[in-house]
Each structure stands twice: as structure tokens, then as C-alpha cells.
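Student: In terms of this note's numbering, the sequence shown opens at residue 491 and continues consecutively.
Every residue, glycine too, gets a C-beta built ideally from N, C-alpha and C.
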Amino acid sequence: MKNGEKEVPVNSLSEIEDAVTPFVWATEQPGKAKSAKLVKIELKPGAEPVRRKQYPMKLEARVGLEPIINNFLKYGLLRECQLEYNFRLGKEWIESSPEEKDLGVLTDEKLNKMVRGLEHLSHEERLRELGLFSLEKRRLWETLLWPFNT
491 MKNGEKEVPV NSLSEIEDAV TPFVWATEQP GKAKSAKLVK IELKPGAEPV
541 RRKQYPMKLE ARVGLEPIIN NFLKYGLLRE CQLEYNFRLG KEWIESSPEE
591 KDLGVLTDEK LNKMVRGLEH LSHEERLREL GLFSLEKRRL WETLLWPFNT
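Here it is as C-alpha cells:
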């Protein structure tokens, strides 16, 4: 093991693998999570979703993502559309699959502040309240966060 690397507990990996439909690991066909709760985030009146310009992507990254995007398009997990809040990845304008259309992922503090009725909660409590904080086991949570903290 190299300096600064942590060993991932085997049981943590099995928890991650168990959350995905088994055929995903053996085929090129993408799958969906076995259980995903629908989360609808209601913004305060007059609030707008946070917008950030996408960072530039290197050509080799776009070329590497193209087959993955095409595969997702093939299986209906991504589709072209013209909505205001979509983003462009490579050559395709994409949005989430219909099942994930209303699924909000809180990734920005500004967005957290716009969510109605949860202002008094910490970021962790907001995620838990919205069903987005499912990693209750501390060691798994630490394992997944470790690369970002180093």
C-alpha cells in the first residue's frame, strides 16, 4: 500500500455492490439502483436553481465518455431534450432518465439555503431528511469520503 492510501474494508465494497442490480457487473448494459426514493425539492418563492458554467473538459476525457454516453442513450437512461436546466456533456445535451427527473441532489450550499422548511437543519440533517444520506454506517461513509479529504 502506498503512503497515504487506506485499505477499503471488504464488507464496505459488498454493501456498494449489493446496492446495484447484479447484471450490471457482468455486462455492458447499465442498470438502475435497486431502491431509490423519489425526492422532490421545493424551492422558496422567487428562488432560482444554482447555475454554474461547466468546467472545460479535455478532448481525451470527452472521447472516453462518448461510448458511455452512447450506451446510456441506447438503454434510455439518458435522452436528448431542450429544458432550461440541462447540461452538456460532450456533444449531447442530456438529462436524467424519467425516473430520476425529480430526484434532486444537494451539492451546493446555496441550493441548500433555498430549500423550504429545512433551513434550521445542518447539511447532513438536510440530506438525511431528503433521503439522500443513506450511508448510516460510519466506516462506509468515511471510506467514501476519504479520497476527498486527502
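Express the C-alpha separation of N560 and K530 in angstroms, rounding to a whole number.
Tutor: If I take the Cα positions, the gap works out to 28 Å.
Student: Evaluate L549 with the Cβ neighbour count: other Cβ atoms within 10 Å of its Cβ, from every protein chain shown; 16 or more gives buried, anything less gives exposed.
Tutor: Result: exposed.
Student: Keeping to the same chain, check which residues put their C-beta closer than 7 Å to that of V615; ignore five residues upstream and five downstream.
Tutor: At residue 615 the sequence reads Glu, which differs from the Val that was named. Contacts found: none.
Student: On the DSSP letters alone, give me the boundaries of the alpha helix (DSSP H) that P557 sits inside.
Tutor: Taken as a continuous stretch (DSSP letters only), the alpha helix (DSSP H) holding P557 covers 549-564.
Student: State the DSSP-derived secondary structure class of E538, mapped to helix, strand or coil.
Tutor: Looking at E538 - three-state DSSP - the assignment turns out to be coil, as it is neither helix nor strand.
Student: So, for E619: in the same chain, excluding its five sequence neighbours on each side, which residues have a beta-carbon less than 7 Å away from its beta-carbon?
Tutor: These residues qualify, in order along the chain: L608, L611.
Student: Using 10 angstroms around the beta-carbon of V595, count the other beta-carbons present and answer buried if the total reaches 16, otherwise exposed.
Tutor: Note on V595: pLDDT 36, under 50, position unreliable in the model; no value is reported.
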